[in-house]
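Chains as they are written, first to last, in the numbering used here: chain A, 75 to 323; chain B, 2 to 247. To start, the structure under review is shown below, and the notes come after it.
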């Protein structure tokens, strides 16, 4: 019973924290230099790993797609299958999972260390709101960079799928590209980008909240980081289901 | 002036502060002495509004800090500077950026040269030179971290400086120099200081008045001489070891 109550209290704390962040989002001063630094850390820093993961995901999709569709003589549709899978689903979800592992954990560790070494208290004592200074730039940066990274993932994935489909599975390039054009639509792209925006906000809010709630020294920071990664991963899949259900349910 | 009236605070079932009342006059140094876990830091965090009391009030210059929230509280905090136990310097900033932080946040359009001059002046008060400006907190010794922390607390010209265990973990020479820095801040800048400590020698050196905290209550309060003569058994036991050594 106590454990269930703790989970609800935790969830309530997360929601209040998100509300406080939104309230500070619109208040000056706007610290552009902090936003750019975070955008670089989250976005530029994750580009390589997202590109590599995207490339291999696209290659696997092309192999699997060719294996399944060859049985019906529909190899030409592999291009469309790869593109839709990447843009609607794998791009945003895999990118969010990668960013969680790389940047989400780093955010929690950094803020958690600042919490247990009283750096956040020090900031507050200097009349600077720590949510405004530390959380807002990270959440805005993640929300902006996640869709950009998701586009990188999908583009690299499609490139990988094309290379495997055309040069390994020997699908003619014409049908590969034509079916992509006919199957992939603007709503597919906006659906994927919407997901990425939501994932960016959710992952960064969980990571920052866990950092702010850390206590008890190095061990506490470690636990907070583990929780941030686990809850972010679960949240990504839950939000993914809800958004997909709303879109095509 | 800081006035604390009947302050109570509990965390869960544990009552940490049980009816603290004290008054700190402007331009004086007030030391709160007590053993580890006696609630000293909790008391200090109430003064700057980092914690809210369960009962009682904290007034600073006539303003009830304990009742303020949000922007009003932030505004009220501008009269304070605080030196934390572990220095609490920002890891991701150099010494210059650490000391400049409170000024930059208050005067966002301040020219760089003027900011640099104020940082250097503040470092000079704590006997540090320009050579430390580009160092990172991880490159500083414990004593230097405390000094930079004090420079950061003084740079925005606060009326009140709060010190949380400023001499803990320091060697006797550095302890002495931290004590003289507390004195210098009072003499040169007229700041009111509230020092939380369990270092009896240091407390008796810097205090104009002091209080001994025991089990969430004030066991004795007054000038150093009055506290020394207190007939409270805990205070006698707490002080006896050190005075016997002397």
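Every residue, glycine too, gets a C-beta built ideally from N, C-alpha and C. Treat the numbers as computed from the prediction; the structure is a model and nothing was measured.
Start and end residues, beta strand (DSSP E) containing residue i
i: residue 160 of chain B; result: Taken as a continuous stretch (DSSP letters only), residue 160 of chain B belongs to no beta strand (DSSP E), as it is neither H nor E.
i: residue 193 of chain B; result: 193-198
i: residue 223 of chain B; result: 218-223
i: residue 245 of chain A; result: Residue 245 of chain A -> no beta strand (DSSP E), and no H or E assigned at all.
i: residue 214 of chain B; result: 210-215
i: residue 22 of chain B; result: 15-25
i: residue 56 of chain B; result: 56-61
Endpoints, alpha helix (DSSP H) assigned at residue i
i: residue 8 of chain B; result: Segment 3-12 is the beta strand (DSSP E) holding residue 8 of chain B; no alpha helix (DSSP H) there.
i: residue 322 of chain A; result: 291-322
i: residue 225 of chain A; result: 210-236
i: residue 113 of chain B; result: 113-126
i: residue 190 of chain B; result: 173-190
i: residue 72 of chain B; result: 71-77
i: residue 173 of chain A; result: 165-173
i: residue 45 of chain B; result: 41-48
i: residue 34 of chain B; result: No alpha helix (DSSP H) holds residue 34 of chain B; the beta strand (DSSP E) holding it covers 30-35.
i: residue 286 of chain A; result: 260-287
i: residue 83 of chain B; result: Residue 83 of chain B -> not in any alpha helix (DSSP H); beta strand (DSSP E) instead, spanning 81-84.
i: residue 205 of chain A; result: Counting along the chain, residue 205 of chain A falls outside any alpha helix (DSSP H), and DSSP gives it neither H nor E.
i: residue 91 of chain B; result: Unbroken run through residue 91 of chain B: none, as it is neither H nor E.
i: residue 194 of chain A; result: 193-199
i: residue 103 of chain B; result: 96-107
i: residue 129 of chain B; result: Neither: residue 129 of chain B is in no alpha helix (DSSP H) and is coded neither H nor E.
i: residue 121 of chain A; result: 119-143
i: residue 189 of chain A; result: 179-190
i: residue 81 of chain A; result: 76-99
i: residue 206 of chain B; result: 201-207
i: residue 158 of chain A; result: 152-158
Presumed contact (8 Å Cβ cut-off) between residue i and residue j, rounded CB distance
i: residue 129 of chain B; j: residue 146 of chain B; result: So it is not a contact: roughly 11 Å between Cβ atoms.
i: residue 1 of chain B; j: residue 183 of chain B; result: No statement about residue 1 of chain B is possible, as the shown extent of chain B runs from 2 to 247 and does not include it.
i: residue 8 of chain B; j: residue 61 of chain B; result: Between residue 61 of chain B and residue 8 of chain B the Cβ distance is about 13 Å, and since that is not below 8 Å, they are no contact.
i: residue 169 of chain A; j: residue 224 of chain A; result: 4 Å
i: residue 280 of chain A; j: residue 302 of chain A; result: 6 Å
i: residue 166 of chain B; j: residue 121 of chain B; result: Residue 166 of chain B to residue 121 of chain B, Cβ: 27 Å. No contact.
i: residue 225 of chain B; j: residue 205 of chain B; result: 5 Å
i: residue 167 of chain A; j: residue 314 of chain A; result: 6 Å
i: residue 175 of chain B; j: residue 203 of chain B; result: With a Cβ gap of about 11 Å, residue 175 of chain B and residue 203 of chain B do not count as contacting.
i: residue 229 of chain B; j: residue 242 of chain B; result: Rounded, the Cβ-Cβ distance is 13 Å, inconsistent with contact.
i: residue 214 of chain A; j: residue 316 of chain A; result: 23 Å between Cβ atoms; not a contact.
i: residue 49 of chain B; j: residue 94 of chain B; result: Actually they do not touch by this definition, with Cβ atoms about 21 Å apart.
i: residue 80 of chain B; j: residue 159 of chain B; result: 6 Å
i: residue 219 of chain B; j: residue 193 of chain B; result: Not really, about 19 Å apart at Cβ, beyond 8 Å.
Interface residues of chain B facing residue i [CB-CB closer than 7 Å]
i: residue 103 of chain A; result: 109
i: residue 202 of chain A; result: 106
i: residue 191 of chain A; result: 87, 89
Nearest neighbour of residue i, chosen from the options [CA to CA]
i: residue 251 of chain A; options: A/152, A/133, A/125; result: A/152
i: residue 87 of chain B; options: A/193, A/218, A/160, A/182; result: A/193
i: residue 107 of chain A; options: A/307, A/277, A/211, A/237; result: A/211
i: residue 223 of chain B; options: B/232, B/139, B/217; result: B/232
i: residue 128 of chain A; options: A/141, A/304, A/235; result: A/235
i: residue 282 of chain A; options: A/208, A/140, A/113; result: A/208
i: residue 218 of chain A; options: A/197, A/158, A/269; result: A/269
i: residue 136 of chain B; options: B/153, B/99, B/105, B/104; result: B/99
i: residue 180 of chain A; options: A/147, A/249, A/264, A/112; result: A/112
i: residue 73 of chain B; options: A/201, A/163, A/158; result: A/201
i: residue 32 of chain B; options: B/133, B/172, B/106, B/213; result: B/213
i: residue 38 of chain B; options: B/199, B/56, B/151; result: B/199
i: residue 132 of chain A; options: A/228, A/117, A/249, A/114; result: A/228
i: residue 85 of chain A; options: A/309, A/318, A/178; result: A/309
i: residue 15 of chain B; options: B/185, B/40, B/24, B/83; result: B/40
i: residue 103 of chain A; options: B/44, B/125, B/106, B/156; result: B/106
i: residue 94 of chain A; options: A/155, A/249, A/204; result: A/204
i: residue 24 of chain B; options: B/209, B/103, B/185; result: B/209
Closer than 9 Å at the beta carbon, the chain B residues around residue i
i: residue 112 of chain A; result: Near residue 112 of chain A there are no residues of chain B at all, since even the closest Cβ is about 12 Å away, more than 9 Å.
Interface residues of chain A facing residue i [CB-CB closer than 7 Å]
i: residue 158 of chain B; result: None at all; the shortest Cβ gap to chain A is about 13 Å.
i: residue 31 of chain B; result: What residue 31 of chain B touches in chain A: nothing, since even the nearest Cβ is about 18 Å away.
i: residue 103 of chain B; result: 200
i: residue 81 of chain B; result: 199
i: residue 75 of chain B; result: 201, 203
Where residue i meets chain A, residues with beta-carbon distance less than 8 Å
i: residue 195 of chain B; result: Within 8 Å Cβ-Cβ: nothing; residue 195 of chain B doesn't reach chain A, min ~13 Å.
i: residue 51 of chain B; result: 195, 198, 199
i: residue 218 of chain B; result: Here the premise fails: no neighbours, minimum Cβ distance about 25 Å.
Cβ of residue i within 8 Å of any chain D Cβ
i: residue 64 of chain B; result: Checking the listed chains, one finds no chain D in this structure; the protein chains it contains are A and B.
Amino acids of chain A, ordered along the chain, whose beta-carbon sits closer than 9 Å to that of residue i
i: residue 145 of chain B; result: Within 9 Å Cβ-Cβ: nothing; residue 145 of chain B doesn't reach chain A, min ~16 Å.
i: residue 119 of chain B; result: What residue 119 of chain B touches in chain A: nothing, since even the nearest Cβ is about 15 Å away.
Checklist entry - Where in the stretch 133-160 of chain B do unbroken runs of the alpha helix (DSSP H), each at least 4 residues long, occur, reported from the N-terminal end onward? => result Listed in chain order, the complete alpha helix (DSSP H) runs (minimum 4 residues) inside the stretch 133-160 of chain B are 143-155.
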